[in-house]
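Protein chains in written order, with numbering that gives the first Met the number 0: chain A, 0 to 264; chain B, 0 to 349. For every residue, glycine included, the Cβ atom is placed at its ideal position computed from N, Cα and C. Since we're looking at a predicted model, the values are computed, not measured.
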Amino acid sequence: MKSFTPFQLIVVLASALILLFIIAPLAGMFVATSPADLFETAKDIEVQQSIKLTLWVSLAATVVFSVAAIPFSYLLARKSFPLKSIVTGIIDLPIVIPHSAAGIAILGFVSRNSLLGKAGSAIGLDFVGHPAGIAVAMAFVSLPFLINAARDGFSAVPERLEKAALTLGASPSRVFFTIALPLAWRNILSGLILMFARGMSEFGAVIMVAYHPMISPILIYERFGAFGLKYARPVSVLFILISLAVFILLRMLARNKEQKPVHHA
Amino acid sequence: MLKIDNLSLSLPGFHLKNISFEVADGEYFILLGESGAGKSLLLEAIAGLNKIHEGSIKLKGKEISNEKIQQREIGLVFQDHAVFPHLTVNENISYPLKHRHLTAEERSKRIKPIISTLQISHLLNRRPATLSGGELQRVALARALVQKPKVLLLDEPLASIDSMLKSDLRALLRQINRDGQTIIHVTHDFDEAVSLADRIAIIDNGKIVQTGTPHEVFSNPVSGFVAHFAGIRNFFRVRIERKHDLVTAYPHENVPITLNCVTNSDTGYLLIRNEDILLSAENFESSALNNFEGIVEDIYPVRNGEEVVVNIGIPLHAQVSRESAEKLGLQRGKTIWVHFKASAAKLITV
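(1) What three-state label does DSSP hand B/PHE28 in the structure shown?
(2) Assuming B/ALA143 contacts B/GLY74 under a Cβ cut-off of 8 Å, what Cβ separation, rounded to an integer in Å, is found between them?
(3) Cα-Cα, which of B/LEU31, B/LEU6, B/LEU40 and B/PHE13 is closest to B/ALA226?
(4) Rounded to a whole number of angstroms, what is the C-alpha to C-alpha distance between B/GLN69 and B/LEU8?
(5) Please report whether the beta-carbon of A/ALA121 lies at a distance below 8 Å from any beta-carbon of chain B.
(6) For A/VAL261, name the three-state secondary structure that DSSP assigns.
(7) Please state whether the Cβ-Cβ distance between B/VAL309 and B/VAL337 is less than 8 Å.
(8) Any C-beta of chain B within less than 7 Å: which residues of the stretch 166–193 of chain A qualify?
(9) Would you mind working out which of B/VAL82, B/GLY205, B/LEU123 and B/LEU329 sits nearest A/GLU161, comparing C-alpha positions?
(10) Taking only beta-carbon positions, decide if A/HIS263 is within less than 8 Å of chain B.
(11) So what's B/ASP355 in DSSP terms, helix, strand or just coil?
(12) To test your reading of the DSSP string, which unbroken alpha helix (DSSP H) runs of 4 or more residues are found completely within the stretch 96–182 of chain A?
(13) Would A/LYS117 pass as an interface residue toward chain E - the criterion being a Cβ-Cβ separation below 8 Å?
(14) Do B/LEU195 and B/ILE29 have their C-beta atoms within less than 8 Å of each other?
(15) Assuming B/GLU191 and B/LEU157 are in contact, meaning their beta carbons sit under 8 Å apart, how far apart are those beta carbons, in whole angstroms?
(16) Go ahead and pull the three-state DSSP assignment for A/LEU218.
(17) Are any of the Cβ atoms in chain A nearer than 8 Å to that of B/LEU75?
(18) Quick check on DSSP: helix, strand or coil for B/LYS16?
(19) So what does DSSP say about B/TYR268, is it helix, strand or coil?
(20) In terms of residues, what are the limits of the beta strand (DSSP E) holding B/THR181?
(21) When the cut-off is 8 Å and only beta carbons count, does A/ALA163 lie next to chain B?
(22) Just to make sure I have the definition right: I need the residues of chain A whose C-beta is within less than 7 Å of the C-beta of B/PRO95. Which are they?
(23) Using a Cβ-Cβ distance under 8 Å, would A/ARG159 count as near chain B?
(24) Could you run through the stretch 80–104 of chain B and flag, in chain order, every residue whose CB is less than 9 Å away from some CB of chain A?
(25) Would you tell me roughly how many angstroms separate the C-alpha atoms of A/ASN147 and A/VAL62, rounded to the nearest one?
(26) If you check the beta carbons only, do B/ILE256 and B/ILE18 fall under 8 Å apart?
(27) With DSSP collapsed to three states, give me the class of B/ASN282.
(28) Does DSSP put B/LEU75 in a helix, a strand or coil?
(29) Using 8 Å as the limit for Cβ to Cβ distance, is B/ARG302 near chain A?
(30) State buried or exposed for A/PHE195, treating a residue as buried only when at least 16 other CB atoms are found within 10 Å of its CB.
(31) Exposed or buried, B/HIS251, counting other C-beta atoms within 10 Å across all chains shown (16 or more means buried)?
(32) Quick check on B/HIS100: does DSSP put it in helix, strand or coil?
(33) In terms of alpha-carbon separation, which member of B/ILE313, B/GLN330, B/PRO314 and B/LEU315 lies closest to B/ARG321?
(34) So, does the CB of B/ALA350 fall closer than 8 Å to a CB anywhere in chain A?
(35) Which first and last residues belong to the alpha helix (DSSP H) in which A/TYR210 is found?
(36) So with CB distances below 9 Å, who are the chain A contacts of B/ILE63?
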């Protein structure tokens, strides 16, 4: 039998404790929730609507903001410009500031009196208390995950390949779409999944902008406030299960794409 | 065809200075220089990947130094091929044709003769990750050729190919050139340059130091650097004195070398081939006018015998057979006589 040195034992023990720390509360919650409760909660229209809303608004925020965030990541990976380190720092700002504070900032930004709010009102769109406002709040806190992952992906694409494409007569935009984007796709996809996940789980920023319509994290908070732990638990379990299912599905899709070249080999 | 005039370019830590040369239509032109001499940088400048700071690049009479890369009609094959890893061989080769609005028939008309010359028809559906270095090089060449470039630039195309395949690829490059393709090829390999080039330019430390046919360049090297490339070890800068009919060259004040030539120059370069130098244990009367006593400084085996470095005030390299070396008892520190004819010492004036 393999014997461990004292140091290896300490490392294994520390790892086990950390894993337990993550798993135990979640497992406890799952165990404490009876299948009957779970089934009842799943039938609850309010719960169903909130989960649907959370999923599609986070997805929409991810898709809409990625249109600008991906080219921005490309710029960050390829060009050096004055104050670039400051720009890089700004991108990480939403991760480090309290999300409730971020929510307050966004509320000011999209409220009826703000420039954006007024522009929205002109076309009949009120961000406050509207899925569009929720999407803005979700995007604000989750964009860094996409930008950082995509930037790393673009940085890993050898610049020579892009130079080669230019000498083959491709325009810079064609080089971006046919060389840089496909080669960085693995990282970008991973960034998109992270952004989507982070957006879905956001509570602090969203509650400032829109208590209603209610996304799942706010519904869980409300059930807990109004009815206590027993009633908040099944909603939490259900939301976690659905989130997990979505991630596993997305990861599987991403993996299939990654493995494609190997099949051809 | 392609005329580079006074091109200068500075990058952090490196400069190209006043580069000028001309390449004729259909010519195979080689830029020969050591790593870090600025060869690749020059190629990238011609292709438009590096912006030049001064000078001009004219292609068929048209100034192209401000032209966009994709409009220069110059093909470039990178040293590491830069074949797109996410595309099949076929997709790689068709890449330059995709935006040219050609029909499928026209596309295949362009591709077919090229893949047949390069013998890669069987690789079309493969992914680059499954190809060998030689195969990747052929794919990169095919991809550059389908766009029918006016000039094809090759950056060390044989550097990553094992020696067995090198001669095949050399033959292929010669074939492509014979078919009318103008080629500028960058290398650090002397043999490669001699075997392929119509003309050679030697580049050293960001400057072109000599241009000409391989014969012109290597029989009349104008610098120790060029001579070194040609494998010539005895290459000295000399002062020349003329007395009556006698021309004497001084690589060192105490080493007068008698020459058999006519010149008006006061300085020049002296070249003596290793194999023209005779060694003997004692001085003897012969037709050789140059006889010096010296000390063996170094001796080491080479392909055809022994290379002996004798210090006669200057280090002189001689080549002898192993048998001769043994017979003379050559070893470091031994005193020995060196002989060579006046006609073996070749004077190059610039």
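On the basis of the data shown:
(1) If you number the second sequence from 1, residue 28 of chain B lands on position 29. For B/PHE28, the secondary structure class from DSSP, reduced to helix, strand or coil, is strand.
(2) Taking the second sequence and counting its residues from 1, one reaches residue 143 of chain B at position 144. Taking the second sequence and counting its residues from 1, one reaches residue 74 of chain B at position 75. Between the beta-carbon of B/ALA143 and that of B/GLY74 there is about 4 Å, and that keeps the pair under the 8 Å contact cut.
(3) Translated into the one-based positions of the second sequence, residue 226 of chain B becomes position 227. Checked all of B/LEU31, B/LEU6, B/LEU40 and B/PHE13; the closest Cα to B/ALA226 is B/LEU31.
(4) Stepping through the second sequence from its first residue, residue 69 of chain B is reached at position 70. Stepping through the second sequence from its first residue, residue 8 of chain B is reached at position 9. Near 21 Å, if we compare the C-alpha coordinates of B/LEU8 and B/GLN69.
(5) Within the first sequence, the letter at position 122 stands for residue 121 of chain A. No, because no Cβ of chain B sits closer than 8 Å to the Cβ of A/ALA121.
(6) Walking along the first sequence from the start, residue 261 of chain A turns up at place 262. Reliability fails at A/VAL261, whose pLDDT of 38 lies under 50, so the model's placement of it is uncertain and the value that follows must be treated cautiously. It is helical.
(7) Working through the second sequence from its first residue, we reach residue 309 of chain B at position 310. Working through the second sequence from its first residue, we reach residue 337 of chain B at position 338. Contact: yes.
(8) Flagged, chain order: THR166, LEU167, GLY168, ALA169, SER170, ARG173, ILE178, PRO181 and LEU182.
(9) Indexing the first sequence from 1 puts residue 161 of chain A at position 162. A/GLU161 has its Cα closest to that of B/VAL82, out of B/VAL82, B/GLY205, B/LEU123 and B/LEU329.
(10) As a working mapping, residue 263 of chain A is identified with position 264 in the first sequence. Legend: pLDDT at A/HIS263 = 36, less than 50; position of this residue unreliable, value from coordinates given subsequently. Taking Cβ atoms only, chain B reaches closer than 8 Å to A/HIS263, which makes this a yes.
(11) Missing from the structure shown is residue 355 of chain B; chain B here goes from 0 to 349 and no further.
(12) As for any alpha helix (DSSP H) of minimum length 4 sitting wholly inside the stretch 96–182 of chain A, the runs are 98–109, 114–121, 130–155, 158–166 and 171–174, ordered along the chain.
(13) Among the protein chains in the structure shown, which are A and B, there is no chain E.
(14) Position 196 of the second sequence, counting from 1, holds the residue named residue 195 of chain B. Position 30 of the second sequence, counting from 1, holds the residue named residue 29 of chain B. Taking a C-beta distance under 8 Å as the contact criterion, B/LEU195 and B/ILE29 qualify as a contact pair.
(15) Mapped onto the second sequence, residue 191 of chain B falls at position 192. Mapped onto the second sequence, residue 157 of chain B falls at position 158. Their Cβ separation, rounded to whole angstroms, is 6 Å, which keeps B/GLU191 and B/LEU157 in contact under 8 Å.
(16) Taking the first sequence and counting its residues from 1, one reaches residue 218 of chain A at position 219. When DSSP states are grouped into helix, strand and coil, A/LEU218 belongs to the helix group.
(17) Position 76 of the second sequence, counted from the first residue, corresponds to residue 75 of chain B. By this cut-off, B/LEU75 is an interface position.
(18) Locating residue 16 of chain B in the second sequence gives position 17, counting from the first residue. Under the three-state reduction of DSSP, B/LYS16 is assigned to strand.
(19) Here residue 268 of chain B is taken as the residue at index 269 of the second sequence, counted from 1. Looking at B/TYR268 - three-state DSSP - the assignment turns out to be strand.
(20) Indexing the second sequence from 1 puts residue 181 of chain B at position 182. From DSSP, the beta strand (DSSP E) with B/THR181 extends over 181–186.
(21) Here the question's residue 163 of chain A lines up with position 164 in the first sequence. Yes - at least one Cβ of chain B is within 8 Å of the one on A/ALA163.
(22) Position 96 of the second sequence, counted from the first residue, corresponds to residue 95 of chain B. What B/PRO95 touches in chain A: LEU167 and GLY168.
(23) Counted from its first residue, the first sequence places residue 159 of chain A at position 160. So yes, A/ARG159 belongs to the interface.
(24) Within the stretch 80–104 of chain B, the qualifying residues are HIS80, ALA81, VAL82, PHE83, PRO84, HIS85, LEU86, THR87, TYR94, PRO95, LEU96, LYS97, HIS98 and ARG99.
(25) To locate residue 147 of chain A, count along the first sequence from 1; it is residue 148. To locate residue 62 of chain A, count along the first sequence from 1; it is residue 63. For A/ASN147 and A/VAL62, the distance between alpha carbons rounds to 16 Å.
(26) Counting from one through the second sequence, the residue named residue 256 of chain B turns up at place 257. Counting from one through the second sequence, the residue named residue 18 of chain B turns up at place 19. A distance of 8 Å or more separates the beta carbons of B/ILE256 and B/ILE18.
(27) The residue you call residue 282 of chain B lines up with position 283 of the second sequence. B/ASN282 falls in the coil class under three-state DSSP.
(28) Sequence index remark: in the second sequence, residue 75 of chain B carries index 76 (1-based). DSSP places B/LEU75 in strand when its eight states are reduced to three.
(29) On the second sequence, residue 302 of chain B is found 303 positions in, with the first residue counted as 1. For B/ARG302, the answer is no, since every Cβ of chain A falls outside 8 Å of its Cβ.
(30) Working through the first sequence from its first residue, we reach residue 195 of chain A at position 196. By the C-beta density criterion, A/PHE195 is buried, having at least 16 other C-beta atoms within 10 angstroms.
(31) Start at 1 with the first residue of the second sequence, and residue 251 of chain B comes out as number 252. With fewer than 16 neighbouring CB atoms inside 10 Å of its own CB, B/HIS251 falls in the exposed class.
(32) Position 101 of the second sequence, counted from the start, is the residue given in the question as residue 100 of chain B. Assignment of B/HIS100 by DSSP, reduced to helix, strand and coil, places it in the coil class.
(33) Here residue 321 of chain B is taken as the residue at index 322 of the second sequence, counted from 1. The option with the nearest alpha carbon to B/ARG321 is B/GLN330.
(34) This structure cannot settle anything about residue 350 of chain B, because the visible part of chain B is limited to 0 through 349.
(35) Translated into positions along the first sequence, residue 210 of chain A becomes position 211. Membership of A/TYR210 in any alpha helix (DSSP H) is not indicated, and neither H nor E is assigned to it by DSSP.
(36) Position 64 of the second sequence, counted from the start, is the residue given in the question as residue 63 of chain B. Identification of chain A residues near B/ILE63 by a Cβ-Cβ cut-off of 9 Å yields none; the smallest Cβ-Cβ distance measures about 13 Å.
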